[in-house]
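Numbering (our numbering), first residue to last: 3 to 364. Glycine included, every Cβ here is placed at the ideal spot set by N, Cα and C. Since the model is a prediction, treat every value here as computed from it, not as a measurement. Reviewing the structure listed below.
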């Protein structure tokens, strides 16, 4: 049998493992930060009708630049962040936020360039960085997973990266960044600054979005996704907001017709039903805050979370605890610092099962 060692693979890819959270058939899947509430019957019918509408045109290529979808996304962002002035020419969309990140690095990274991130953070940032031939630099977060502005600026000034990634709310910790940290990094960074806001809709009241900083800052990019709060993980739709010049740069590297007609139709339908889809966000916030309080009451250390997941610990042997939960039908994520585990926020019934399984496994 032929294996990778027999192929002329790029040297920098040898020894790497493909990304992947466990996909196991369990009663309670709380490991990938999905919204646990499925689409309503009305939305399912609307999605079916939207796909039917485009089915007769699938012999033709889709709108290459997804103009209508981008206009809908801009309208959503502009309503979500009043005063940000988001218009369709400032929005770009792709197959999940990971393709958005890949396109950013294809345009602004590459051989001889570097990316700075503050770990623990989203594990795909260094992976996509490496695949794009760009050098990854880790500047660690503070002990409590926050990021003090002076430390962030010092890291930027030391390394002079071409791209900086700031994740807010941060994955896997759930920690949000104050705008002063983002502004300080923007002032110091010589290149692009990417704020990954995949979980922005879950942030606690009063936590601002970096979208408010876009005006007059052409090197700022804010990325979002429909996989989390929108409960559309299967759609694979990520997007960003930035200066129109950034969109022009991404047009140089995007593959032709990268977003299918079906994806565009489904995403536009979901946006039309956004009040329904985002209606579960407040319930998930409450469930998150309740599980944080319960975990702390049980003696665990818990990171403050503005997302739909909670990082908790500390465990001398986290694998044993993770396996104990799995034996009881509850799958969570073994990710982040070695002594910590992450649980996604699910329905009240799912979180009750998690609490029971955790107590039993200990």
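My output table needs one value for residue i: the three-state DSSP class, helix, strand or coil.
i           : result
residue 46  : helix
residue 100 : helix
residue 31  : strand
residue 317 : coil
residue 139 : strand
residue 285 : helix
residue 79  : helix
residue 151 : helix
residue 220 : coil
residue 3   : coil
residue 129 : helix
residue 255 : coil
residue 25  : coil
residue 361 : helix
residue 17  : coil
residue 12  : coil
residue 265 : helix
residue 355 : helix
residue 88  : coil
residue 111 : coil
residue 327 : helix
residue 183 : helix
residue 213 : helix
residue 208 : coil
residue 159 : helix
Looking only at DSSP bridge pairs, what is residue i linked to?
i           : result
residue 165 : 117, 194
residue 94  : 242
residue 225 : 198, 242
residue 332 : 30
residue 303 : 315
residue 346 : 311
Using 8 Å for Cβ pairs, my map puts residue i next to residue j. What's the rounded Cβ distance?
i           : j           : result
residue 252 : residue 68  : About 12 Å; that fails the 8 Å criterion.
residue 116 : residue 139 : 6 Å
residue 111 : residue 164 : 6 Å
residue 232 : residue 274 : About 12 Å; that fails the 8 Å criterion.
residue 118 : residue 95  : Contact flag wrong, Cβ pair sits at about 26 Å.
residue 14  : residue 132 : 7 Å
residue 86  : residue 188 : At roughly 16 Å, the Cβ-Cβ gap does not stay under 8 Å, so residue 86 and residue 188 are not in contact.
residue 222 : residue 195 : 5 Å
residue 331 : residue 28  : 5 Å
residue 183 : residue 154 : 6 Å
residue 294 : residue 204 : That pair is no contact at about 13 Å.
Does the distance from the CB of residue i to the CB of residue j come in under 8 Å?
i           : j           : result
residue 310 : residue 346 : yes
residue 90  : residue 66  : no
residue 30  : residue 243 : no
residue 113 : residue 338 : no
residue 179 : residue 215 : no
residue 269 : residue 147 : no
residue 125 : residue 39  : no
residue 313 : residue 174 : yes
residue 26  : residue 333 : yes
residue 53  : residue 264 : yes
residue 99  : residue 200 : yes
residue 107 : residue 83  : no
residue 142 : residue 120 : yes
residue 230 : residue 35  : yes
residue 289 : residue 210 : no
residue 259 : residue 10  : no
Between the Cα of residue i and those of the options, spot the shortest distance and give me the residue it belongs to.
i           : options            : result
residue 249 : 232, 268, 229, 224 : 224
residue 103 : 279, 37, 227       : 227
residue 340 : 328, 352, 334, 321 : 321
residue 296 : 348, 58, 357, 263  : 357
residue 190 : 197, 152, 132, 171 : 152
residue 42  : 343, 323, 234      : 234
residue 266 : 240, 286, 245, 254 : 240
residue 287 : 61, 273, 308, 272  : 308
residue 315 : 324, 327, 302, 323 : 302
residue 360 : 32, 21, 4          : 32
residue 171 : 58, 207, 161, 162  : 207
residue 169 : 197, 247, 51, 294  : 197
residue 193 : 150, 162, 61       : 162
residue 45  : 284, 156, 277, 9   : 277
residue 156 : 127, 319, 186      : 186
residue 318 : 342, 129, 328      : 342
residue 237 : 245, 261, 220, 352 : 261
residue 130 : 335, 19, 247, 324  : 19
residue 352 : 57, 17, 37, 127    : 37
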